[in-house]
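Every position in the sequence shown, counted from 1, becomes a number in the working numbering once 120 is added.
We put the beta carbon where it would ideally sit given N, CA and C, even for glycine.
Just below is one structure, and these are the notes that go with it.
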Amino acid sequence: MARPKIALIGAGMIGGTLAHMAAMKELGDIVLFDIAEGMPEGKALDIAESGPSEGFDANLKGTQSYADIAGADVCIVTAGVPRKPGMSRDDLLGINLKVMKSVGEGIKEHAPDAFVICITNPLDAMVWALQQFSGLPANKVCGMAGVLDSARFRHFLAEEFGVSMKDVTAFVLGGHGDTMVPLARYSTVGGIPLPDLVEMGWTTQDKLDAIIQRTRDGGAEIVGLLKTGSAYYAPATSAIEMAVAYLKDQKRVLPCAAYVEDALGLKGLYVGVPTVIGANGVEKVIDIKMNKDEQAMFDKSVDAVKGLVKACKEIDNTL
Ligand code: TXD
121 MARPKIALIG
131 AGMIGGTLAH
141 MAAMKELGDI
151 VLFDIAEGMP
161 EGKALDIAES
171 GPSEGFDANL
181 KGTQSYADIA
191 GADVCIVTAG
201 VPRKPGMSRD
211 DLLGINLKVM
221 KSVGEGIKEH
231 APDAFVICIT
241 NPLDAMVWAL
251 QQFSGLPANK
261 VCGMAGVLDS
271 ARFRHFLAEE
281 FGVSMKDVTA
291 FVLGGHGDTM
301 VPLARYSTVG
311 GIPLPDLVEM
321 GWTTQDKLDA
331 IIQRTRDGGA
341 EIVGLLKTGS
351 AYYAPATSAI
361 EMAVAYLKDQ
371 KRVLPCAAYV
381 EDALGLKGLY
391 VGVPTVIGAN
401 GVEKVIDIKM
411 NKDEQAMFDK
421 SVDAVKGLVK
431 ACKEIDNTL
């Protein structure tokens, strides 16, 4: 049986990290696509040359031709421009929408059966535009944001509680932006919900609120520190987790930007929701019941996403 084929559309900071992680995990053969001349080829060759020491078998190829992604099982899209300090994710919309059009057409022609994971910001609008431009079924096109935002939340909570990050679960819903909704009620340490941990004196509500805000600001915190780009290790790791759930039919329960046909009060929108990811892509959107406060935060986040979608339609009237 042939190895799976992983196509990374965009071979920059996240794309290169994705390629390295996918090779080390032996997820399959890897194509690094970019418009930059030489860079994808150089990264592919450099990672391939790490194979003998690391001990993985994978063919790696760098390219500027969409023909080389033919038959990909998974496409992870990071093509576009990242933020610089002082920029919001939404500031990237105009430039990256045009990039999604070319990427969507490339995937439509050469990898129509792929499971597509979009990472490019502003994520919730870009994943929708990518699905529209590519014409792939909505269950095969999703966005990576919730896994990253939840991972950041989990990391900060594990630090606060002095416990293993492995034993902290967290739920972050809504758009990948300032309005994201970390759900404390559904986040736990070893199954103990956060509100119980506050009552048990493990932390205070003020500290929990500060951690929730730091999660919302997680991307900007790293952009401010790096100064020349945005986060790439944790975003890549998060997307790989989603790709593995698809490739190995793991039925993982993961938050991601998925198309919501009719759930959570939504009728036809891409936004961060709890999903089940397996061999059929996004196999289920979990229609959780939120309380009044959570619903209000979620609705606010949904409105922000709808605003981005509207802005896309104003730029490209084919959408
Ligand atoms: O959680 C999330 N979804 C976010 C997403 C987490 C972190 C970063 N987020 C976004 O991912 C970020 O705001 C950017 O929009 C993307 C990619 O971030 P990265 O740090 O990898 O950006 P780079 O290093 O600039 O890489 C982007 C590559 C670069 O090599 C360009 O040459 C290439 O994209 N690029 C293109 N490739 C193909 N086709 C076109 N048109 C194109 N334009 C640029």
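| Item | Value |
| --- | --- |
| Top-ranked residue by Cα proximity to residue 357, from 128, 137, 385 | 137 |
| Presumed contact (8 Å Cβ cut-off) between residue 229 and residue 186, rounded CB distance | 7 Å |
| Contact the stretch 280-288 vs the stretch 386-394: 3+ CB pairs below 8 Å | no |
| Residue 292 - DSSP class collapsed to helix/strand/coil | strand |
| Counted within 10 angstroms of its Cβ, other Cβ atoms place residue 180 as buried (16 or more) or exposed | buried |
| Nonlocal neighbours in the same chain, by C-beta distance under 7 Å from residue 271, ignoring five residues either side | 354, 358 |
| Pair within 8 Å by beta-carbon distance, residue 349 and residue 141 | no |
| Beta bridge counterpart(s) of residue 397 as assigned by DSSP | 372, 402 |
| Check: residue 334 C-beta below 7 Å from any heavy atom of the ligand TXD | no |
| Coil, strand or helix - residue 232 by DSSP | coil |
| Check whether residue 193 and residue 239 have beta carbons under 8 Å apart | no |
| Pair within 8 Å by beta-carbon distance, residue 342 and residue 351 | yes |
| Helix, strand or coil at residue 149 according to DSSP, with G and I counted as helix | strand |
| Of the residues 399, 406, 307, the one placed nearest residue 378, counting alpha carbons only | 406 |
| Residues that DSSP places opposite residue 139 in a beta bridge | Bridge partners of residue 139: none, in fact. |
| Beta-carbon proximity of residue 366 to residue 408, cut-off 8 Å | no |
| Alpha carbon of residue 429 to alpha carbon of residue 395, nearest angstrom | 21 Å |
| Contact between the stretch 143-153 and the stretch 164-182 (3+ Cβ pairs under 8 Å) | yes |
| Buried or exposed by the 16-neighbour rule on C-beta atoms within 10 Å, applied to residue 269 | buried |
| Same chain only: Cβ atoms within 7 Å of residue 287, ignoring 5 sequence neighbours per side | 309, 310 |
| Contacting residues, own chain, Cβ-Cβ under 6 Å from residue 401 (five flanking each side not counted) | 235, 259, 260 |
| Minimum Cβ-Cβ distance from residue 351 to chain C less than 8 Å | Of the protein chains in this structure there is only one, and it is not chain C. |
| Closest residue to residue 243 among 410, 320, 263, 255 (Cα-Cα distance) | 263 |
| Euclidean distance between Cα positions of residue 327 and residue 333 | 10 Å |
| Distance between residue 294 and residue 215 (C-alpha atoms, nearest Å) | 23 Å |
| Integer Cβ distance of residue 200 from residue 130, believed to fall under 8 Å | 7 Å |
| Cβ shell of residue 124 (< 6 Å), same chain only, five flanking positions each side left out | 148, 193, 367 |
| Three-way DSSP call (helix, strand, coil) for residue 180 in this model | strand |
| Residue 295 CB to nearest heavy atom of the ligand TXD below 7 Å | no |
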